[in-house]
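A.B. asks:
Written out as structure tokens, the structure is:
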């Protein structure tokens, strides 16, 4: 189990984080399309991966902790909430519900970061000792009754406040300007000054003449047609640039959410899909996978470890997946049953009850 120690920020660091936050919370940040795209890409990737339990080279039964830790919901929901918290806050928590006779957790429930308040005692240095947790404002939970996931990456809300605030301002600007009705043209008075009623009557007469005859006679006025592009109204370039910055916050390749450094959508082609997915797995998803693996391995008996099946990603390219598995099979690294499992094919299919393979 993890020791109850956390790093405590100085007064300057705390004030800087408060300033960077710009008042942007998770719910507000999720109103930005590019943030939702990055979040769903990362969380959606993790919940599709298998999670296994090992002792050395032997695969063990995953047990409840790795198959259904929370009896009231599914494993994807638990992992989804955990990865979401790691991405936005840099930390996540599972509350232990039950233990085996040796004291190791067998059931746990994901607890949102917003519901957990660490109770700390200063050590006089950069780290503070955690003495317990306040969960949902009710009572104090012992350190050992909460599994804490500490991400090596800072939370997006801690370091991306300015970028998120800029994205929100652009979304508001686009919505505001797109709802404004602009004139198709303007009349410039080159003669004597008119009163507001006379000017209104002139415009109405001009519009009536154009509607009736297709043209109008102007004397003492100049007509100018106004041209305004949709790109100017919707602030396309600025919004695309912000989407690129958001993808950088999440370490997601810009092509995966249709953003690019130039401000225009970059192409995600079949020829580069595998490379883009590999970059996503390494840079955006990998740190969170490693955090979950290391934390859950610490919660298991000594000598046991947890690992995700990242080969699931290869199934998006059937030909590449088949070539990869066949190469492993020919080299004697995997058995036929293991090869079929990697491709999502039942090890012993029967015509009567054959079910479709997983994605």
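Residue numbers (this note's numbering): 60 to 418. All C-beta atoms, glycine included, are put in the ideal place defined by N, C-alpha and C.
Taking contact to mean 3 or more Cβ pairs, one atom from each stretch, closer than 8 Å, check whether the region 223-230 and the region 190-210 are in contact.
C.D. replies: Result no; under three Cβ-Cβ pairs closer than 8 Å.
A.B. asks: Skipping 5 residues on each side, what residues in its chain have a beta carbon closer than 6 Å to that of residue 247?
C.D. replies: In the chain shown, counting from the first residue as 1, residue 247 sits at position 188. Cβ within range, chain order: 281.
A.B. asks: From 340, 221, 201, pick the residue whose C-alpha is nearest to that of residue 101; which is it?
C.D. replies: Within the chain shown, numbered from 1, the residue matching residue 101 stands at position 42. Residue 340 is the option with its Cα nearest to residue 101.
A.B. asks: Hey, would you say residue 146 sits closer than 9 Å to residue 174, going by beta carbons?
C.D. replies: The residue given as residue 146 occupies position 87 in the chain shown. The residue given as residue 174 occupies position 115 in the chain shown. No, Cβ-Cβ distance for residue 146 and residue 174 is not below 9 Å.
A.B. asks: What number of angstroms, rounded off, separates the C-alpha of residue 400 from the C-alpha of residue 134?
C.D. replies: As a first step, residue 400 is located in the chain shown; it is residue number 341 there, counting from the start. As a first step, residue 134 is located in the chain shown; it is residue number 75 there, counting from the start. Taking the straight line from one Cα to the other gives about 20 Å.
A.B. asks: Keeping to the same chain, check which residues put their C-beta closer than 6 Å to that of residue 154; ignore five residues upstream and five downstream.
C.D. replies: As a position in the chain shown, residue 154 is number 95, starting the count at 1. Answer for residue 154: 168, 170, 205, listed in chain order.
A.B. asks: Mind checking whether the beta-carbon of residue 362 lies closer than 8 Å to any heavy atom of the ligand MN?
C.D. replies: Annotation note on the ligand MN: not contained in the displayed structure, which lists no ligands.
A.B. asks: Look at residue 306 and residue 97 and say whether their C-beta atoms are less than 9 Å apart.
C.D. replies: Translated into positions along the chain shown, residue 306 becomes position 247. Translated into positions along the chain shown, residue 97 becomes position 38. The answer is yes: Cβ separation under 9 Å.
A.B. asks: Where are the beta strand (DSSP E) runs, 3 residues long or more, that stay fully inside the region 260-314, in chain order?
C.D. replies: Those beta strand (DSSP E) runs which fall completely within the region 260-314 and span 3+ residues are 280-284.
A.B. asks: Three-state secondary structure (DSSP) at residue 2?
C.D. replies: Since the first residue shown for the chain is 60 and the last is 418, residue 2 is missing from the structure and cannot be characterised.
A.B. asks: I'd like to know if residue 248 contacts chain C, where contact means its C-beta is closer than 9 Å to some C-beta of that chain.
C.D. replies: You won't find chain C in this structure, because it holds only one protein chain.
A.B. asks: Is it buried or exposed for residue 271, if we count other Cβ within 10 angstroms and need 16 for buried?
C.D. replies: As a first step, residue 271 must be located in the chain shown, where it is residue number 212. Classification of residue 271: exposed, given that the 10 Å Cβ count is below 16.
A.B. asks: How many whole angstroms separate the CB atoms of residue 335 and residue 360, which I take to be in contact at a CB cut-off of 8 Å?
C.D. replies: Within the chain shown, residue 335 is the residue found at index 276, counting from 1. Within the chain shown, residue 360 is the residue found at index 301, counting from 1. No, residue 335 and residue 360 are not in contact; Cβ-Cβ is about 39 Å, not under 8 Å.
A.B. asks: Got a sec? Which residues, its chain only, sit under 6 Å from residue 216 by beta carbon, not counting five neighbours each side?
C.D. replies: On the chain shown, position 157 is the one that residue 216 refers to. Correct list, in chain order: 147.
A.B. asks: Suppose the cutoff is 6 Å on Cβ atoms and the five residues either side in sequence are ignored; what does the same chain contact list for residue 386 look like?
C.D. replies: Numbered from 1 along the chain shown, position 327 holds the residue referred to as residue 386. Contacts found: none.
A.B. asks: According to DSSP, is residue 94 part of a helix, a strand, or is it coil?
C.D. replies: Translated into the one-based positions of the chain shown, residue 94 becomes position 35. Residue state, collapsed to three classes: helix.
A.B. asks: How should residue 309 be labelled, buried or exposed, when 16 other C-beta atoms within 10 angstroms of its C-beta is the threshold for buried?
C.D. replies: To locate residue 309, count along the chain shown from 1; it is residue 250. By the 10 Å Cβ count, residue 309 comes out buried.
A.B. asks: Can you check which of these residues, 118, 99, 160, is closest to residue 138 by C-alpha distance?
C.D. replies: Within the chain shown, residue 138 is the residue found at index 79, counting from 1. With distances taken between Cα atoms, residue 138 lies closest to 99.
A.B. asks: CB-CB under 7 Å to residue 219, same chain, minus the five flanking residues each way: which ones, in chain order?
C.D. replies: If you number the chain shown from 1, residue 219 lands on position 160. Taken in chain order, the residues that qualify are 308.
A.B. asks: So if DSSP puts residue 117 in a beta bridge, which residue, or which two residues, is it bridged to?
C.D. replies: Here residue 117 refers to the residue found at position 58 when the chain shown is read from its first residue. The partner list for residue 117 (beta bridge, DSSP) reads 114.
A.B. asks: So residue 150 packs on residue 165, CB below 8 Å; how close in whole Å?
C.D. replies: In the chain shown, residue 150 corresponds to position 91, counting from 1. In the chain shown, residue 165 corresponds to position 106, counting from 1. Not quite, the Cβ-Cβ distance comes to about 23 Å (not below 8 Å), so this is no contact.
A.B. asks: Buried or exposed for residue 213, please, with buried defined as at least 16 other CB atoms from any protein chain shown within 10 angstroms of its CB.
C.D. replies: By one-based count along the chain shown, residue 213 stands at place 154. Under this definition residue 213 is an exposed residue.
A.B. asks: Given this structure, state the Cα-to-Cα distance separating residue 91 from residue 317, to the nearest angstrom.
C.D. replies: Residue mapping note: residue 91 aligns to position 32 of the chain shown, counting from 1. Residue mapping note: residue 317 aligns to position 258 of the chain shown, counting from 1. In a straight line, the C-alpha of residue 91 is about 14 Å away from that of residue 317.
A.B. asks: What whole-angstrom Cβ distance do residue 190 and residue 179 have, given they're in contact under 8 Å?
C.D. replies: The residue labelled residue 190 in the question sits at position 131 within the chain shown. The residue labelled residue 179 in the question sits at position 120 within the chain shown. Yes, they are in contact, since the Cβ atoms of residue 190 and residue 179 sit about 7 Å apart, within 8 Å.
A.B. asks: Does DSSP classify residue 148 as helix, strand or coil?
C.D. replies: Taking the chain shown and counting its residues from 1, the one referred to as residue 148 is at position 89. In the structure shown, residue 148 sits in a helix (DSSP, three-state: H, G or I).
A.B. asks: Taking the beta strand (DSSP E) that residue 349 belongs to, which residues open and close that run?
C.D. replies: For this step, residue 349 is matched to residue 290 along the chain shown. First-last for residue 349: 345-358, but that is the alpha helix (DSSP H), not the beta strand (DSSP E).
A.B. asks: Residue 188: which of 197, 202, 198 sits nearest, CA to CA?
C.D. replies: In the chain shown, counting from the first residue as 1, residue 188 sits at position 129. Closest by alpha carbon: 202.
A.B. asks: Using 10 angstroms around the beta-carbon of residue 398, count the other beta-carbons present and answer buried if the total reaches 16, otherwise exposed.
C.D. replies: As a position in the chain shown, residue 398 is number 339, starting the count at 1. It is buried - the Cβ of residue 398 has at least 16 other Cβ atoms within 10 Å.
A.B. asks: Can you name the start and end residues of the beta strand (DSSP E) that residue 175 belongs to?
C.D. replies: Along the chain shown, read from residue 1 onward, the residue named residue 175 stands at position 116. Run containing residue 175: 175-181, per the beta strand (DSSP E) assignment.
A.B. asks: Just the Cα atoms here: how many angstroms apart are residue 378 and residue 388?
C.D. replies: Here residue 378 corresponds to residue number 319 of the chain shown, with the count starting at 1. Here residue 388 corresponds to residue number 329 of the chain shown, with the count starting at 1. Distance between the alpha carbons of residue 378 and residue 388 is about 15 Å.
A.B. asks: Taking the beta carbon of residue 159 as the centre, do at least 16 other beta carbons fall within 10 Å, making it buried, or is it exposed?
C.D. replies: For this step, residue 159 is matched to residue 100 along the chain shown. When all chains shown are included, residue 159 counts as exposed.
A.B. asks: What number of angstroms, rounded off, separates the C-alpha of residue 411 from the C-alpha of residue 298?
C.D. replies: For the purposes of this step, residue 411 is identified with residue 352 of the chain shown, where counting begins at 1. For the purposes of this step, residue 298 is identified with residue 239 of the chain shown, where counting begins at 1. For residue 411, the predicted structure reports a pLDDT of 49, less than 50, and the residue's modelled location is therefore unreliable. The matter cannot be settled from this model.
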